[in-house]
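Notes follow once the structure below has been shown.
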Amino acid sequence: ARRVSDRCDVLVPHVLSLVPLQTLVQLQRVSKQFHSLIQLYLANCKNFHLSPLGPSIPRDAFCSLLKDSRALQSLSLPRCSDWLTDSDLLPVIGQNQQLQSVDLRGCTCLTRRSLVAVSLTCAHLAHLGLAHCEWVDSLSLRSLADHCPGLRSVDLTACRRLKDEAICYLARKCVKLRSVSLAVNANVTDEAVEALAKSCRGLERLDLTGCLRVNDHSIRTLTEYCPQLRSLKVNHCHNVSEHSLEPLRRRGVEMDVEPPLQRALVLLQDVLGFAPFINLQI
Numbered sequence: 001a002r003r004v005s006d007r008c009d010v011l012v013p014h015v016l017s018l019v020p021l022q023t024l025v026q027l028q029r030v031s032k033q034f035h036s037l038i039q040l041y042l043a044n045c046k047n048f049h050l051s052p053l054g055p056s057i058p059r060d061a062f063c064s065l066l067k068d069s070r071a072l073q074s075l076s077l078p079r080c081s082d083w084l085t086d087s088d089l090l091p092v093i094g095q096n097q098q099l100q101s102v103d104l105r106g107c108t109c110l111t112r113r114s115l116v117a118v119s120l121t122c123a124h125l126a127h128l129g130l131a132h133c134e135w136v137d138s139l140s141l142r143s144l145a146d147h148c149p150g151l152r153s154v155d156l157t158a159c160r161r162l163k164d165e166a167i168c169y170l171a172r173k174c175v176k177l178r179s180v181s182l183a184v185n186a187n188v189t190d191e192a193v194e195a196l197a198k199s200c201r202g203l204e205r206l207d208l209t210g211c212l213r214v215n216d217h218s219i220r221t222l223t224e225y226c227p228q229l230r231s232l233k234v235n236h237c238h239n240v241s242e243h244s245l246e247p248l249r250r251r252g253v254e255m256d257v258e259p260p261l262q263r264a265l266v267l268l269q270d271v272l273g274f275a276p277f278i279n280l281q282i
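Counting with UniProt numbering, you get residues 1 to 282 for the letters of the sequence shown.
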């Protein structure tokens, strides 16, 4: 018994943590002993990242792997759109109240119930990925804002049901936000961006790619209220001009659009096959 215990002490924390998840799934089938060891490891595992295995893992395997889990701090299930439903996810969320990071990007078969469960259960949540989850609505986002005030990053890319009102509410409640993506949402206007700027003054990264209704006014507000801004994405924001971006460039903010002169040179190079020598320092 002592020898078996010693093996567990070595295998579980020091060896199994280095084994890829796909291999763990396969090892479970080797013997009852391996199955028990892996279940013991997963029951105490702090990080569970399903990518890139997510799209191919069977639902039954996922449920079996996490049925005894109680210690998760990070749960990443991106692109499990073919099979992950509320009934699969809710038991895992309910058993792991110490979760700090949850990534559900591209999980299109979930509903607002999952986000409400995350907000009610995970009081320490700091990072949340919801990109391309079109089931996210104002009601579920308000629940998140009410119960997770320590949220530091949230990805709401292509959550097209969200409008300014819900995002403004989130900004007022979650003032510690440092990274936000509102990309690919035609409903987002200056009102939402200004609410983020004024409430979340420690904002460092903001993605507004494809937010067609955002214009220079809110970008100037960002410049005024967010001195720690390090990255701003405004590609395809046709109403945002260099006039509002230039002060941020001077501060060293990283952007995904080139200054007009640089864009012209790149276009010229594409057309002519070379770029004339121009001193850009002038």
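For each residue, glycine too, the CB sits at the ideal point set by N, CA and C.
Sequence-distant residues of its chain with Cβ nearer than 7 Å to residue 184 (five each side left out): 157, 158, 209 and 210
Is the beta carbon of residue 201 less than 9 Å from the beta carbon of residue 225? yes
Secondary structure at residue 241, three-state DSSP: helix, strand or coil? coil
Bridge partners of residue 205, per DSSP? 179 and 231
Residue 67 versus 31, 40 and 76, residue with shortest Cα-Cα distance: 40
Pick out whichever of 87, 164, 28 and 198 has its Cα sitting closest to the Cα of residue 227. 198
Whose C-beta lies closer than 7 Å to the C-beta of residue 236 among residues of the same chain, with five residues either side of it excluded? 209 and 210
I'd like the span of the beta strand (DSSP E) that includes residue 101, first residue to last. 101 to 103
Whole-number beta carbon distance between residue 70 and residue 47, since they are thought to touch under 8 Å: About 14 Å separates the two Cβ atoms, so there is no contact after all.
Please classify residue 252: is it buried, with 16 or more other beta-carbons within 10 angstroms of its beta-carbon, or exposed? exposed
Buried or exposed: where does residue 223 fall if 16 or more other Cβ atoms within 10 Å of its Cβ makes it buried? buried
Neighbourhood of residue 216 by C-beta distance below 8 Å, restricted to the same chain and skipping five residues each side: 239, 240, 241, 243 and 244
Could you tell me the alpha carbon to alpha carbon distance between residue 49 and residue 61, rounded to whole angstroms? 14 Å
Could you name the residues of the same chain whose beta carbon sits closer than 6 Å to that of residue 205, not counting the 5 residues immediately before and after it, in chain order? 179 and 231
Residue from 172, 221, 113 and 73 whose Cα sits closest to the Cα of residue 87: 113
Among 34, 161, 146 and 220, whose alpha-carbon lies nearest the alpha-carbon of residue 171? 146
Could you check what DSSP says for residue 134 in three-state terms: helix, strand or coil? coil
Indicate whether residue 161 and residue 181 have their beta-carbon atoms separated by less than 9 Å. no
Can you name, in chain order, every residue of its own chain whose Cβ lies under 8 Å from the Cβ of residue 212, other than the five neighbours on each side? 186, 236, 237, 238 and 239
Report yes if the CB atom of residue 118 is closer than 9 Å to the CB atom of residue 125, and no otherwise. yes
Length of the line joining the Cα atoms of residue 192 and residue 221: 11 Å
Integer Cβ distance of residue 154 from residue 189, believed to fall under 8 Å: About 18 Å separates the two Cβ atoms, so there is no contact after all.
Reduced DSSP category for residue 37 - H, G, I as helix; E, B as strand; rest coil: helix
Between the C-alpha atoms of residue 101 and residue 73, what's the straight-line distance to the nearest angstrom? 6 Å
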